[in-house]
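J.: The structure that follows is given in the form of structure tokens.
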Amino acid sequence: MSILHEGEDIEGDEVSAEQAPLTLTVPEASAGQRLDKALALLLPDISRSRLQHWIEAGAVRVNGAVARIRQALDGGERVDIVPPPAPEQLAMRAEPIELDVVYEDGHIAVLDKPPGLVVHPAAGNWSGTLANGLLARFPETAALPRAGIVHRLDADTSGLMVVALTLQAQTDLVRQLQARTVMREYWAIVVGAASRATNVEAPLARDPRNPLRFAVSHSPRAKAARTHVRCVQTVGSGRMALSWIACRLDTGRTHQIRVHLESIGHPLVGDPVYRRGRPTPGPTQGGAAPVWLHFPRQALHACRLGLVHPVRRTAMSWFRAPPADMRELMRQCGFAGGDVPVEVFG
């Protein structure tokens, strides 16, 4: 099952290669090699350090006996690997977290995620995530991969997400995402006077100079990405201009909107990572810095979501205005509106 999203990619099988039990036969060509080196060659998708950890934890057996890292192989041995639970699996427990549920039935739930809420447990955030809250609010999601999550938002991005409550619904929603038929519209406040209409089609890959960033790339590992951008309103002029824009995604790559907007010279207000092209303004005539300069998160909100109900097959859509902090930013910057949908896509 492949899943697309806006935040971090979730692509792969329901049980990844690093979680599923494995049984293999050591080839004769591996005779004389020590176990950890041989396994690293046989299982290139799993790091050698991870394999060594599993061996030390007693999760690897050779011909039925608990293995040792340095034991030499003769070739032909049977190796059984039962990986211990990954930290993210152990972290998937129910926690009472307040969730803003926009819609729910027996198959799906649509949520309005607040800024600052991490979607899925990971390093540095093993509890207090949206997934933990889902397990408490919808216990049936405990039987689903990733608690029914089919796409994600970055922690500091707010807005609408759909979650599956049954395996049938999850499978269908994933297929809709793969077919690019799910409508996802975002509002953003960006630096500069944006063009009325821009379509950004630029592949993305992890930035080799900074593993926390992604960048436009034409490397073999880059993934195709397409973002449609429409300008709703511009305030100010010159280097201090700001634009309220709407974005729609055809793909859901990691940090896609943030990278694409930076690449065309319109970084998001408040983005702590993708800042290239953002001016460094001095104080205004009254001695105060521009109100947007210290906005504490990227000004990005998933405002509209549209899909076909995975069971009833009816078209459904939802809209939620940005949270209070972003609406106040828009008001202070001089943008008119922000509480109702705007139609900028034909």
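Take any residue in the sequence shown, note its place counting from 1, add 41, and you have its number in the working numbering.
Yeah, the Cβ is synthetic: ideal placement off N, Cα and C, and Gly gets one too.
What you are looking at is a predicted structure, and each value in this text was computed from that prediction instead of being measured.
(1) Is the Cβ-Cβ distance between residue 152 and residue 142 less than 8 Å?
(2) Buried or exposed: residue 193, going by 16 or more other Cβ atoms within 10 Å of its Cβ?
(3) So what's residue 141 in DSSP terms, helix, strand or just coil?
(4) What are the start and end residues of each continuous alpha helix (DSSP H) run of 4 or more residues lying completely inside the stretch 262-344, in chain order?
(5) Would residue 293 pass as a contact of residue 218 if the rule is Cβ separation under 8 Å?
(6) With a cut-off of 8 Å on the beta carbons, I'd call residue 270 and residue 239 a contact; round off their distance for me.
(7) Take the Cβ of residue 225 as the centre, count every other Cβ of all protein chains shown within 10 Å, and call the residue buried at 16 or more, exposed below.
(8) Span of the alpha helix (DSSP H) holding residue 96?
(9) What does DSSP give as the partner residues of residue 250 in its beta bridges?
(10) Around the C-beta of residue 351, are 16 or more other C-beta atoms found within 10 angstroms, so that it is buried, or is it exposed?
(11) Based on Cα-Cα distance, which residue from 89, 296, 345 lies nearest to residue 203?
(12) Looking at C-beta atoms only, is the number of pairs between the stretch 260-267 and the stretch 369-382 that lie closer than 8 Å three or more?
(13) Can you name the residues that DSSP bridges to residue 349?
(14) If you pair each beta-carbon of the stretch 61-75 with each one of the stretch 91-99, do three or more pairs fall below 8 Å?
(15) Comparing C-alpha positions only, which one of 338, 348, 256, 334 sits nearest to residue 313?
(16) From this set, 211, 340, 245, 122, which residue's C-alpha is nearest residue 295's C-alpha?
(17) Residue 80 to residue 97, Cα distance in whole Å?
(18) Out of 195, 316, 77, which has the shortest C-alpha to C-alpha gap to residue 113?
(19) Where does residue 82 fall in DSSP's three states?
(20) In whole angstroms, what separates the C-alpha of residue 188 from that of residue 132?
(21) Can you tell me whether DSSP reads residue 387 as helix, strand or coil?
(22) Assuming residue 201 and residue 359 make a contact with CB atoms under 8 Å, what is their CB distance in whole Å?
(23) CA-CA distance, residue 326 and residue 134?
(24) My output table needs one value for residue 160: the three-state DSSP class, helix, strand or coil.
(25) Does the distance from the C-beta atom of residue 285 to that of residue 367 stay below 8 Å?
(26) Just curious, the alpha helix (DSSP H) that residue 369 is in, first and last residue?
(27) Could you pull the start and end residues of the beta strand (DSSP E) that residue 256 belongs to?
(28) Rounded to a whole number of angstroms, what is the C-alpha to C-alpha distance between residue 386 and residue 273?
(29) Apart from the five residues on each side of it in sequence, which residues of its chain come closer than 7 Å, Cβ to Cβ, to residue 205?
(30) Terminal residues of the continuous alpha helix (DSSP H) containing residue 213?
(31) For the alpha helix (DSSP H) that contains residue 147, what are its first and last residues?
(32) DSSP three-state label for residue 229, please.
T.: From the atom records:
(1) yes
(2) buried
(3) coil
(4) 297-304
(5) yes
(6) 4 Å
(7) buried
(8) 89-97
(9) BP columns for residue 250 are empty, so no partner.
(10) buried
(11) 345
(12) no
(13) 356
(14) no
(15) 338
(16) 245
(17) 14 Å
(18) 77
(19) helix
(20) 12 Å
(21) coil
(22) 6 Å
(23) Summary for residue 326: the model assigns pLDDT 46, below 50, so the residue's position carries little reliability, and this model does not support an answer.
(24) coil
(25) no
(26) 365-374
(27) 255-257
(28) 10 Å
(29) 149, 185, 189, 191, 211, 214
(30) 208-219
(31) Per DSSP, residue 147 belongs to no alpha helix (DSSP H) and is neither H nor E.
(32) strand
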